[in-house]
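The sequence shown stops at residue 413 when you use numbering that gives the first Met the number 0, and every number in between is there. Glycine included, each C-beta is placed from N, C-alpha and C at the ideal position. Only a predicted model underlies this, so the values are computations on that prediction, with no experimental measurement involved. Beneath this line is the structure, given in structure tokens, with notes to follow.
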Amino acid sequence: MFSKFERMTAWRYIRAKRKEGFISVITGFAFTGIALGVATLIIVMSVMNGFKAELLNRILGINGHISIVASAGFPFNNYKNAVENIEKIDGVELAIPLIEKQLLISSGKEAEGAMVRGINAEDILKKKVLRDGFAKMDIDYFNGDVVAIGDKLAHKLGVYLGDEITLISPNGKVTAFGTVPRIKSYKIVGIFSLGMYAYDSSYVFMPMEAAQKYFSLADSASMIDVTLKDESVLKKVRSVIEQSVSLDAYVYDFKQTNSAFFNAIDVERNVMFLILTLIILVAAFNIITGLIMLVKDKGRDIAVLRTMGATKGMIMRIFFMDGAFIGIVGTSLGVVLGLLFCENIETIRQFLQKLSGKDLFSSEIYFLSQLPAKVEINEVLLVVAVTLALSFLATLYPAYRASKFDPAEALRYE
0 MFSKFERMTA WRYIRAKRKE GFISVITGFA FTGIALGVAT LIIVMSVMNG FKAELLNRIL
60 GINGHISIVA SAGFPFNNYK NAVENIEKID GVELAIPLIE KQLLISSGKE AEGAMVRGIN
120 AEDILKKKVL RDGFAKMDID YFNGDVVAIG DKLAHKLGVY LGDEITLISP NGKVTAFGTV
180 PRIKSYKIVG IFSLGMYAYD SSYVFMPMEA AQKYFSLADS ASMIDVTLKD ESVLKKVRSV
240 IEQSVSLDAY VYDFKQTNSA FFNAIDVERN VMFLILTLII LVAAFNIITG LIMLVKDKGR
300 DIAVLRTMGA TKGMIMRIFF MDGAFIGIVG TSLGVVLGLL FCENIETIRQ FLQKLSGKDL
360 FSSEIYFLSQ LPAKVEINEV LLVVAVTLAL SFLATLYPAY RASKFDPAEA LRYE
């Protein structure tokens with residue numbers, strides 16, 4: 000496509016001489032701008048993807064894809080049979096019966112609102128996120144009138160392993176003098192860390208039998224969490240479950256319960272893509288400026304080449320290659336920098352955190368304890384395609400202007 004003469008001439012022009020230093024500086028800014036723009040775009044998109052994926056994994060690791068919730072006053076009395084039947088549905092990995100209620104927790108000096116979840120010890124071991132979160136706890140002790148609480152909640156209450164906390168539920172016994180709150184103390188036999196602030200700061204796990212006794216639910220459950228083998232069968236499985244449950248139960252999936260949150264992440268991600276693309280667009284304008292100045296500076300050379308038989312197409316391709324070189328090399332360097340940064344993003348965060356002395360990724364704000372990054376190859380290719388397209392478009396006008404250079408006028412003024 001490009002002749003050897005065109006490649007050699009383009010390479011010679013891209014290496015500015017001492018007297019062309021200013022042009023070299025503009026070219027350097029364009030090159031650096033494209034590299035930084037591409038790297039920044041890849042990093043930001045990967046962090047947004049990683050944040051969404053990690054958050055989704057945590058949510059699905061703690062809860063199920065589908066939740067079957069009993070209406071108030073109608074708990075699942077036959078939940079064991081229901082669990083067995085649900086697990087027989089094609090696409091279902093497991094179903095876990097739960098009791099989940101909000102109440103107040105007191106440690107004597109401090110009090111916090113929390114969510115109590117009654118669950119069987121064997122069901123904790125069935126889910127990886129729960130299993131890893133309870134890794135420091137001997138699951139055999141999770142039996143009887145005991146509880147396990149999140150590490151952040153333990154810090155708030157100022158309690159440690161072996162201490163007691165008091166659960167206070169407003170839904171107590173009804174007497175002639177009104178409703179008496181249900182109050183009972185439980186020993187802490189485990190402190191878990193699920194890696195998600197919302198759960199580590201507000202959840203208390205207790206054995207299923209203890210929860211049934213405390214909430215006066217006899218041999219019942221308040222909800223059933225269903226985990227699927229593959230998210231692609233979500234609609235199908237949910238439809239089957241909806242047809243089988245009674246009118247006293249409600250069926251939700253994780254997309255419904257977290258729709259506002261994930262929609263916000265997607266909108267932010269798309270807006271960030273558009274904003275950061277402007278960095279690359281500015282760098283593309285620098286390519287235009289640098290090439291226009293290069294064309295003006297090489298006016299005499301262009302005139303000589305034209306008189307020696309170089310066609311307008313050859314001149315245009317020479318300067319097109321100069322601009323394309325900046326775009327291709329800048330994009331390549333940006334991709335390498337972006338991928339290296341994403342690969343070591345948590346290490347870099349820790350280093351910057353120590354250097355600045357500030358928490359750069361607070362789990363209280365971002366819900367996660369580590370900064371995630373997930374590189375999507377399709378998005379990297381999209382960034383590369385957009386950057387190269389802008390770079391190539393930026394070279395067209397200067398290259399066209401060079402091809403229209405009048406050799407007679409250039410030599411006359413020289």
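Residue-chain proximity (residue i, chain C), Cβ-Cβ < 7 Å
i: F318; result: Reference to chain C is not applicable here, since this structure consists of a single protein chain.
N-terminal and C-terminal residue of the alpha helix (DSSP H) that residue i is part of
i: P397; result: 376-402
i: G157; result: That residue, G157, is in no alpha helix (DSSP H); it is neither H nor E in DSSP.
i: F204; result: Counting along the chain, F204 falls outside any alpha helix (DSSP H), though it belongs to the beta strand (DSSP E) covering 202-206.
i: D321; result: 311-342
i: V145; result: First-last for V145: 145-149, but that is the beta strand (DSSP E), not the alpha helix (DSSP H).
i: D137; result: Run containing D137: none; DSSP gives neither H nor E here.
i: L129; result: 127-132
i: K87; result: It is not in any alpha helix (DSSP H) - K87 carries neither H nor E in the DSSP assignment.
i: L233; result: 233-243
Proximity below 7 Å, CB of residue i to CB of residue j
i: S66; j: D224; result: yes
i: L392; j: M222; result: no
i: I138; j: A120; result: yes
i: F319; j: A388; result: no
i: I148; j: S106; result: no
i: L40; j: V334; result: no
i: L370; j: E345; result: yes
i: L216; j: P74; result: yes
i: R286; j: A29; result: Going by the sequence as given, residue 286 is Ile instead of Arg. Closer than 7 Å, so yes.
i: A372; j: C341; result: yes
i: A282; j: I85; result: no
i: M104; j: A113; result: Checking the displayed sequence, the identity of residue 104 turns out to be Ile instead of Met. The answer is yes: Cβ separation under 7 Å.
i: G27; j: V128; result: no
i: V232; j: E241; result: no
i: E378; j: M47; result: no
i: I118; j: D150; result: no
i: S402; j: K295; result: no
i: G36; j: I347; result: no
Start-to-end residues for the beta strand (DSSP E) that takes in residue i
i: S66; result: 65-69
i: V115; result: 110-118
i: Y198; result: Run containing Y198: none in the beta strand (DSSP E); it sits in the alpha helix (DSSP H), 196-199.
Candidates the options: closest to residue i by CA position
i: V244; options: V203, G60, S70; result: S70
i: F204; options: E86, Y249, K373, R116; result: R116
i: K186; options: Y140, V91, M44; result: Y140
i: I327; options: T386, E92, E109; result: T386
i: N257; options: G32, K403, N62, K311; result: N62
i: R130; options: F261, G194, F260, Q255; result: G194
i: I314; options: F324, A323, I325, A302; result: A302
i: L290; options: K183, R400, N377, A113; result: R400
i: A263; options: I42, A248, F50, Y198; result: F50
i: G90; options: S45, N56, S238; result: S238
i: P180; options: G322, L156, F214; result: F214
i: S219; options: N77, Y396, H64; result: N77
i: E111; options: K126, N80, G157; result: G157
i: R427; options: K3, I42, G36, L35; result: Since the first and last residues shown for the chain are 0 and 413, residue 427 lies out of range.
i: L380; options: L338, T31, D300; result: L338
i: S192; options: P206, K135, Q349, N56; result: K135
i: M7; options: D321, Y159, A94, V374; result: D321
i: M207; options: D162, K79, M292; result: K79
i: I317; options: L332, D300, G329, T330; result: D300
i: E53; options: T394, Y396, V374; result: V374
Nearest-angstrom beta carbon gap, residue j and residue i [assumed within contact, 8 Å]
i: L102; j: S201; result: Going by Cβ atoms, the distance from L102 to S201 rounds to 11 Å, so no, they are not a contact pair.
i: G416; j: A209; result: Since the first residue shown for the chain is 0 and the last is 413, residue 416 is missing from the structure and cannot be characterised.
i: E109; j: K183; result: Wrong, their Cβ atoms sit about 18 Å apart, outside the cutoff.
i: S390; j: A309; result: With a Cβ gap of about 24 Å, S390 and A309 do not count as contacting.
i: A197; j: V68; result: Rounded, the Cβ-Cβ distance is 19 Å, inconsistent with contact.
i: E92; j: L277; result: Contact doesn't hold; Cβ gap of about 45 Å is too wide.
i: F260; j: H64; result: Not confirmed; about 16 Å, so no contact.
i: V145; j: V188; result: 4 Å
i: V236; j: I376; result: About 30 Å; that fails the 8 Å criterion.
DSSP beta-bridge partners of residue i
i: E99; result: R116
i: Y249; result: V68
i: S192; result: The partner list for S192 (beta bridge, DSSP) is empty, contrary to what the question assumes.
i: E163; result: K186
i: A94; result: V225
i: S168; result: R181
i: S105; result: A110, T165
i: A29; result: Looking at the DSSP assignment, A29 forms no beta bridge with any residue, so it has no partner.
i: F75; result: A220
Residue i: CB within 6 Å of a non-hydrogen atom of the ligand GDP
i: T276; result: Ligands are entirely absent from the displayed structure, and the ligand GDP is therefore not among its contents.
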